[in-house]
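Enquirer: Here it is, the structure in full.
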């Protein structure tokens, strides 16, 4: 048993010394493989790892007035099922008839839709024209409407009030957000906002804001900032003059006479001495009256 243990330890020590003697020796430059520089691409293109799929039939471009009909024909030619969105229940003749009626009503300046027979009033409704987002075109307008208003109501409203023809209307209902009051710990939901985007026939571009208006807003903002700084000032900053709103809060500066420190000390000393003499005379007179002298 002892012999086997000793032999095992001997083999382990020999193997350890052998592995320690092995060091990595890099190749010499003359043994490097010969490679042509023109055959090496340092920035190879990233392709081959992703399967390239052909475009689907629904994305095939068409230059016809009714592309759904042409796309449905291509699906039939390929022997595939036509999706529901390209299956016209009325056929191309009905669509062409509606298009011709639409063009005729445009020429006669009549509404291209059926006007609602029920009159709805919005005494407390708010319909505001908003500035378009960057994704909108000049042929699109965005409105802020009440939550009770639908697309047909807005279409009738724009036609009867402004004579605006709304071709297509999309609705965006923003979710209610949680808010906190600055004077309370609880939170509450803000009311939802309903916005509608309208497609128009003629473009509308917001007019540029006059430079005089921008300058006035900047002046008002600077004046408000200075007023807040004056109200929250501490120390000697409270005595600084407030020159805002064309001198509305400007106070009249009272003249201050210059009095040197030496003259001030002497004057205070004389005043104290005079007060002491006057007080002593008053006390002496009171004592004489008390003693009857």
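Numbering (the numbering used here), first residue to last: -7 to 285. Yeah, the Cβ is synthetic: ideal placement off N, Cα and C, and Gly gets one too.
Measuring alpha carbon to alpha carbon, tell me which of 143, 251, 107 ends up nearest residue 190.
Expert: The residue you call residue 190 lines up with position 198 of the chain shown. Looking at the Cα atoms, 143 is the closest of the given residues.
Enquirer: Only counting runs of 4 or more residues, tell me where the alpha helix (DSSP H) segments fall wholly within the segment 187 to 261, in order along the chain.
Expert: Whole alpha helix (DSSP H) segments, 4+ residues: 203 to 223.
Enquirer: So if DSSP puts residue 170 in a beta bridge, which residue, or which two residues, is it bridged to?
Expert: The residue labelled residue 170 in the question sits at position 178 within the chain shown. Per DSSP, 181.
Enquirer: Looking only at C-alpha atoms, which of 141, 268, 278, 209 sits nearest to residue 162?
Expert: The sequence position of residue 162 within the chain shown is 170, counting from 1. The candidate whose alpha carbon is nearest that of residue 162 is 141.
Enquirer: Name the DSSP bridge partner or partners of residue 132?
Expert: By 1-based counting over the chain shown, the position of residue 132 is 140. Note: residue 132 sits in a beta bridge opposite 191.
Enquirer: Please determine, among 4, 199, 96, the residue with the shortest C-alpha to C-alpha distance to residue 122.
Expert: Residue mapping note: residue 122 aligns to position 130 of the chain shown, counting from 1. Of 4, 199, 96, the residue nearest in Cα terms is 199.
Enquirer: Could you check where the alpha helix (DSSP H) with residue 146 kicks off and where it finishes?
Expert: By 1-based counting over the chain shown, the position of residue 146 is 154. Where residue 146 is concerned, the enclosing alpha helix (DSSP H) stretches over 143 to 154.
Enquirer: Just mark residue 188 as buried or exposed, buried being the case when its beta carbon has 16 or more other beta carbons within 10 Å.
Expert: Locating residue 188 in the chain shown gives position 196, where the first residue counts as 1. Buried, since its Cβ has 16 or more Cβ neighbours within 10 Å.
Enquirer: Is residue 63 buried or exposed, if buried means 16 or more other CB atoms sit within 10 Å of its CB?
Expert: Here residue 63 refers to the residue found at position 71 when the chain shown is read from its first residue. Burial call: buried.
Enquirer: Output yes or no for whether 9 angstroms exceeds the beta carbon distance between residue 75 and residue 50.
Expert: Counting from 1 along the chain shown, the entry for residue 75 is found at position 83. Counting from 1 along the chain shown, the entry for residue 50 is found at position 58. It is a contact, given that the beta carbons lie within the stated cut-off.
Enquirer: To the nearest angstrom, how far is the alpha carbon of residue 95 from that of residue 87?
Expert: Position 103 of the chain shown, counted from the start, is the residue given in the question as residue 95. Position 95 of the chain shown, counted from the start, is the residue given in the question as residue 87. The straight-line gap from Cα to Cα measures roughly 12 angstroms.
Enquirer: Does the segment 103 to 118 come within contact of the segment 143 to 162, defined as at least 3 CB pairs closer than 8 angstroms?
Expert: Touching, yes, given that three or more Cβ pairs across the two stretches are closer than 8 angstroms.
Enquirer: Identify whether residue 27 lies in helix, strand or coil by the three-state DSSP scheme.
Expert: Position 35 of the chain shown, counting from 1, holds the residue named residue 27. Correct three-state label for residue 27: coil.
Enquirer: Is the beta carbon of residue 126 less than 9 angstroms from the beta carbon of residue 192?
Expert: Residue 126 sits at position 134 when you count from the first residue of the chain shown. Residue 192 sits at position 200 when you count from the first residue of the chain shown. Not closer than 9 angstroms, so no.
Enquirer: Going by C-alpha distance, which of 129, 119, 53 is nearest residue 145?
Expert: The count along the chain shown starts at 1 and reaches residue 145 at position 153. It is 119 whose Cα lies nearest to the Cα of residue 145.
Enquirer: Alpha carbons only, please: which of 78, 79, 77, 104 is nearest the one belonging to residue 90?
Expert: Position 98 of the chain shown, counting from 1, holds the residue named residue 90. Among 78, 79, 77, 104, the Cα nearest to that of residue 90 belongs to 104.
Enquirer: I need the straight-line Cα distance from residue 257 to residue 174, nearest angstrom please.
Expert: As a working mapping, residue 257 is identified with position 265 in the chain shown. As a working mapping, residue 174 is identified with position 182 in the chain shown. Rounded to whole angstroms, residue 257 to residue 174 spans 54 angstroms at the Cα level.
Enquirer: By the DSSP assignment, the beta strand (DSSP E) with residue 122 in it spans what residues?
Expert: Position 130 of the chain shown, counted from the start, is the residue given in the question as residue 122. Unbroken beta strand (DSSP E) run through residue 122: 120 to 122.
Enquirer: Cα-Cα, which of 179, 157, 183 is closest to residue 291?
Expert: This structure gives no information on residue 291, because the portion of the chain shown stretches from -7 to 285.
Enquirer: Less than 9 angstroms between the C-beta atoms of residue 165 and residue 186, yes or no?
Expert: Residue mapping note: residue 165 aligns to position 173 of the chain shown, counting from 1. Residue mapping note: residue 186 aligns to position 194 of the chain shown, counting from 1. Closer than 9 angstroms, so yes.
Enquirer: Leaving aside the five residues before and after residue 130 along the sequence, list all residues of the same chain whose C-beta is less than 7 angstroms from its C-beta, in chain order.
Expert: On the chain shown, residue 130 is found 138 positions in, with the first residue counted as 1. So the qualifying residues of the chain are 195, 196, 197.
Enquirer: As an exercise, report each continuous beta strand (DSSP E) stretch of at least 3 residues that is fully enclosed by the segment 62 to 125, in chain order.
Expert: Listed in chain order, the complete beta strand (DSSP E) runs (minimum 3 residues) inside the segment 62 to 125 are 120 to 122.
Enquirer: Apply the 10 Å Cβ neighbour rule to residue 137 and answer buried if 16 or more other Cβ atoms are within range, or exposed otherwise.
Expert: Here the question's residue 137 lines up with position 145 in the chain shown. Buried, since its Cβ has 16 or more Cβ neighbours within 10 Å.
Enquirer: Rounded to whole angstroms, what's the CA-CA distance from residue 219 to residue 234? Just pull it up for me.
Expert: Mapped onto the chain shown, residue 219 falls at position 227. Mapped onto the chain shown, residue 234 falls at position 242. Roughly 8 angstroms separates the two Cα atoms.
Enquirer: Distance check for residue 33 and residue 3, CA to CA, integer angstroms please.
Expert: Locating residue 3 in the chain shown gives position 11, where the first residue counts as 1. Locating residue 33 in the chain shown gives position 41, where the first residue counts as 1. Approximately 50 angstroms, taken between the alpha carbons.
Enquirer: On a Cα-Cα basis, can you pick out the residue from 250, 43, 215 that is closest to residue 239?
Expert: Here residue 239 refers to the residue found at position 247 when the chain shown is read from its first residue. Taking only the C-alpha atoms, the option nearest residue 239 is 215.
Enquirer: Nearest CA to the CA of residue 297: which residue from 217, 106, 124, 223?
Expert: In the structure as shown, the chain starts at -7 and stops at 285, and residue 297 therefore has no counterpart that could be examined.
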